[in-house]
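Enquirer: Mind looking over this structure? Questions follow.
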Amino acid sequence: MNPHSEPSKRSGDSKPAATSSDSSAPTPSNSPRPPKPSAPANPSSAARPSPRIAPTGPTDPNSTAEPAGPPGPADATNASALSHPAYIAGSPTPSDPSHSTAPADAATAPSADAQVTLRSPAELADALPYLLGFYPDDSVVMVALHGERGRFGGRVRLGIPTDRAHWPDVADQLADCLISAGQERDERPAAIIVYLCQEPAAGESGKDVKDRLRPLAQRLRTACGALDVPVLEALCLSNGRFWSYCCPDFRCCPTEGTPLVMPGTSVMAAAAAYAGMQVRGSLKEMEARLRPRTGPRAGEQEKVLDTAAGALVPRMLRRDGAAAVRRDTLELAGAMIHRFRQDTPSGSNRARDACDDALITDAEAADLILGLQDRVTRDRAAEWMDGSAAAPALRLWRALARRCAGGYAEHAVAPLTLAGWVCWSTEDGPSARVALSCALAIDPDYTFAQLLHRAVNEGLDPEPLRRCLREQHREAVAATEAPAPSTAPAAKETPRPTKRPGPARPGPAGRPRGPRGATGPGSRTTDGRSRRRAGRDGDRSRR
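Take the working numbering: the final residue in the sequence shown is number 1701, and no numbers are missing along the way.
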């Protein structure tokens, strides 16, 4: 199985769907009209936004489910031309209910918000990358629909298990994950859409993939139905085409499949572009940017890592050796970030990554990789998370993850976690999930990655952690710039009298007082009182 992400407590901002009667009128499913944003008719009838959904993941020890997460720059729930949620709405004719994405009587509530209305399986297939922020290779994706108008809600994604014996358990866990999460927030899904995405293997066609995955689709439909939530549509996406597991009509769902729309030509794509949303390619492409080197260059890097590790141990054993290594690592990381900032590459992701790899030598990469294994050093390195330092820091952490070759693959957890943290801090949730899930795939018990992963999936605000790191940075800078301690303050306090002068207390009238320096009763009484007062003042000063 391909583990990615952990259960979420919060996923995707959503609003109730509302379209005008014109834009959501019944449309035959075998001849769908092109979607268009619905025109507002009655602003006062728009419902209030609903709470976020909280999918919780399956309990399979070998995999975890990935919620699509809170709304972000690439979340399809922000895919309208005015950054409002996208909805699955509209209703086909009653004679073909298999493609219905909302009840037929749901086209009566107009809204003041511009919306994207999806009316056909083709439009549902086209919307998938905008729901996740990337195209999910080899994945099961389940999307919850809420309300009478079928608005998008929580989503879960999981790598398709290679062992068919796991399919029943995975289907039950995913269905329970999505449905029970909605119940916890008093927002039980009204229906579910299922996507199965996988490219053909050698000698296979897209139709062969669809036939091979049919038992999994059927098991998912059965699992959701057992929880009283229907699957309105189950689609297989493979080799640039899609098939429906729910529609038996060959006129709208031919045996050879239906070609997917050209990228960037749909209303969803136009609305996403207008809203500033970004689809970051496929999941495989995103993971490739984080994978270690292979081939001769990997062997060279591993040798340099061996040499650096041999030199690091004696340094750590010296007095104050750990502090010196931390200081040197952070200084080198700061220099590398400055170097990356001065040289910003262009072109494709592959070309930019190649330029970044050329900016750092094998020896520099080895020193940073080994130095970041220290928790304190890693936490200090996390301070480069916003402003002008964020982009070059992210490039550096990715480059270091690619240098963890051979036997040093486990050392990639630290730079991968830092990359996920910077992505989350800069509001790139999809990239953060991919980086953190790669880190957890290497070391599932890495606490920092676990905490960040959960925070991203729950839609938490990274600003409190950013404030904490900024304060940590200020304290570290102040400690570095503070002057050496001197004895001047102590010298000022040395002549402080032990007796505090106070107003003379008159004794009883006619009481004899001895001469100055005498040892008579009056002198002893006064001296005793002074000592007692000094003692009380001293007590107050020690509280």
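Ideal Cβ placement from N, Cα and C applies to all residues, glycine included.
DSSP three-state call for residue 1419: helix, strand or coil?
Expert: coil
Enquirer: Starting from the C-beta of residue 1534, find all residues in its chain whose C-beta is less than 7 Å away, skip the five residues before and the five after it, and write them out in chain order.
Expert: 1484
Enquirer: By how many angstroms is the C-alpha of residue 1429 removed from the C-alpha of residue 1423?
Expert: In this structure, the CA atom of residue 1423 is about 11 Å from the CA atom of residue 1429.
Enquirer: Tell me, please, whether the segment 1438-1447 touches the segment 1302-1309 by the rule of three or more beta-carbon pairs shorter than 8 Å.
Expert: no
Enquirer: Just list the beta strand (DSSP E) runs in the segment 1259-1337, keeping only unbroken ones of 3 residues or longer that don't cross its boundaries, in chain order.
Expert: 1297-1304, 1309-1317
Enquirer: How about residue 1291 and residue 1312: are their beta carbons less than 8 Å apart?
Expert: Not a contact, by the Cβ cut-off of 8 Å.
Enquirer: Just how far apart, CA to CA, sit residue 1416 and residue 1629?
Expert: 55 Å
Enquirer: In the DSSP assignment, find the unbroken beta strand (DSSP E) run with residue 1542 in it and report its ends.
Expert: No beta strand (DSSP E) contains residue 1542, which DSSP labels as neither H nor E.
Enquirer: Considering only the beta carbon of each residue, do residue 1611 and residue 1627 sit closer than 8 Å?
Expert: No. Outside cutoff.
Enquirer: Ordered along the chain, which non-local residues of its own chain (more than five positions away) have a Cβ less than 8 Å from that of residue 1363?
Expert: 1397
Enquirer: Return the chain-ordered list of same chain residues with a C-beta closer than 7 Å to the C-beta of residue 1284, the five sequence neighbours on each side being excluded.
Expert: 1418, 1419, 1424, 1426
Enquirer: Among residues of its own chain, excluding the 5 on either side of residue 1531, which ones have a beta-carbon nearer than 7 Å to its beta-carbon?
Expert: Same-chain partners within the cutoff: 1569, 1572.
Enquirer: Tell me the DSSP secondary structure of residue 1389 in three-state form.
Expert: strand
Enquirer: Assess, as a yes-or-no matter, whether the segment 1349-1365 is touched by the segment 1385-1396 under the definition of 3 or more beta carbon pairs within less than 8 Å.
Expert: yes
Enquirer: Between residue 1309 and residue 1459, is the Cβ-Cβ spacing less than 8 Å?
Expert: no
Enquirer: Which one of 1437, 1604, 1505 has the shortest CA to CA distance from residue 1287?
Expert: 1437
Enquirer: Use the C-beta contact count for residue 1693: other C-beta atoms within 10 angstroms, 16 or more gives buried, fewer gives exposed.
Expert: The pLDDT assigned to residue 1693 is 44, lower than 50, so where the model puts this residue is not dependable; a value taken from the coordinates is nonetheless given after this. Under this definition residue 1693 is an exposed residue.
Enquirer: Pair every Cβ in the segment 1536-1548 with every Cβ in the segment 1502-1511, then say whether three or more of these pairs are closer than 8 Å.
Expert: no
Enquirer: CB-CB under 7 Å to residue 1501, same chain, minus the five flanking residues each way: which ones, in chain order?
Expert: 1517
Enquirer: In or out: residue 1169 buried (at least 16 other Cβ within 10 Å) or exposed?
Expert: For residue 1169, the predicted structure reports a pLDDT of 38, less than 50, and the residue's modelled location is therefore unreliable. A value from the coordinates is still provided. Its Cβ being crowded by 16 or more others within 10 Å, residue 1169 is buried.
Enquirer: Since residue 1391 and residue 1282 should fall inside the 8 Å C-beta cutoff, what is the C-beta to C-beta distance between them, to a whole number of angstroms?
Expert: 6 Å
Enquirer: If you compare alpha carbons, which of 1329, 1556, 1480 is closest to residue 1596?
Expert: 1556
Enquirer: Threshold first: 4 residues or longer. Then list the alpha helix (DSSP H) segments lying entirely within the segment 1523-1597, N to C.
Expert: 1533-1539, 1548-1561, 1571-1583
Enquirer: Quick check: the segment 1469-1484 against the segment 1581-1595, are there 3 or more CB pairs under 8 Å?
Expert: no
Enquirer: From the DSSP secondary-structure annotation, give me the bridge partner or partners of residue 1351.
Expert: 1301, 1391
Enquirer: Any idea which residues DSSP pairs residue 1399 with across the strands?
Expert: 1396, 1417
Enquirer: If you draw a straight line from the C-alpha of residue 1523 to the C-alpha of residue 1558, how long is it?
Expert: 6 Å
Enquirer: What separation, rounded to the nearest whole angstrom, lies between the Cα atoms of residue 1479 and residue 1452?
Expert: 33 Å
Enquirer: Which residues in the same chain have their Cβ closer than 8 Å to the Cβ of residue 1490, if we skip the five residues on either side of it in sequence?
Expert: 1522, 1525, 1526, 1529
Enquirer: Compare the Cα-Cα distances from residue 1575 to each of 1359, 1636, 1433, 1613 and report the closest residue.
Expert: Answer by Cα proximity: 1613.
Enquirer: Going along the chain, which unbroken runs of the beta strand (DSSP E) with 3 or more residues stay wholly within the segment 1494-1523?
Expert: none
Enquirer: At the level of alpha carbons, what is the spacing between residue 1579 and residue 1538?
Expert: 13 Å
Enquirer: Residue 1473 lies in the alpha helix (DSSP H); which residues open and close that run?
Expert: That run of the alpha helix (DSSP H) goes 1454-1475.
Enquirer: From residue 1296 to residue 1604, what distance separates their C-alpha atoms?
Expert: Those two C-alpha atoms are separated by around 26 Å.
Enquirer: Are the CB atoms of residue 1374 and residue 1395 nearer to each other than 8 Å?
Expert: no
Enquirer: What whole-angstrom Cβ distance do residue 1584 and residue 1540 have, given they're in contact under 8 Å?
Expert: Under the criterion of beta carbons closer than 8 Å, residue 1584 and residue 1540 do not qualify as touching, at roughly 13 Å.
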